[in-house]
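Visitor: Let me begin by handing over the structure; questions about it come next.
Numbering (my numbering), first residue to last: 762 to 918.
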């Protein structure tokens, strides 16, 4: 990872916890795109959620969420930067998306899991904002599917 780069490449991390997580209604595991189908799926809409700043550039006390579409890489153009297969571009032209403080939030969506029902799957990790708070625009996301081999190799069973 290079903090001086215009596009954050390999912007992915795993954290090993000392103790197990106690799951509750508001704390649940998330599905990852482990199958070929999920790695290549293109959903109509995606959901982001985070505690980042609001339009007044103040911290939120309530978890925020928005529904946004996936966009072509050209919509996330930054001077001197090129997006590659490890990135996703998502955001809307009519609604706001991520804001300061939201870098690292999940980009997810409901997808049918093979052999099961619909599940919420994390497809991206917010990596670079392209707009101001509350203003329609796009965000660059790290594509989780691109890093699944690395994630699996570095997770303990």
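We put the beta carbon where it would ideally sit given N, CA and C, even for glycine. Being a predicted model, the structure only gives us computed values, none of them experimental.
From this set, 863, 908, 909 and 902, which residue's C-alpha is nearest residue 819's C-alpha?
Guide: Checked all of 863, 908, 909 and 902; the closest Cα to residue 819 is 863.
Visitor: The beta strand (DSSP E) with residue 872 in it runs from where to where?
Guide: Counting along the chain, the beta strand (DSSP E) containing residue 872 begins and ends at 867-873.
Visitor: Under DSSP, the alpha helix (DSSP H) around residue 822 begins and ends at which residues?
Guide: Segment: none, residue 822 is in no alpha helix (DSSP H) and carries neither H nor E.
Visitor: Any beta-carbon of chain B closer than 7 Å to the one on residue 782?
Guide: This model lacks chain B altogether, as it is built from one protein chain only.
Visitor: Nearest to residue 869 by alpha carbon, out of 908, 810, 898 and 909?
Guide: 810
Visitor: Alpha carbon to alpha carbon, how far is residue 899 from residue 874? Give it in angstroms, no decimals.
Guide: 28 Å
Visitor: Is residue 882 helix, strand or coil when you go by DSSP?
Guide: strand
Visitor: Using DSSP's beta-bridge definition, name the partner residues of residue 803.
Guide: Beta-bridge pairing links residue 803 to no other residue.
Visitor: Excluding the 5 residues preceding and the 5 following residue 788 in the sequence, name in chain order all residues of the same chain whose CB lies nearer than 8 Å to its CB.
Guide: 782
Visitor: Since residue 912 is in the alpha helix (DSSP H), which residue starts that stretch and which ends it?
Guide: 909-915
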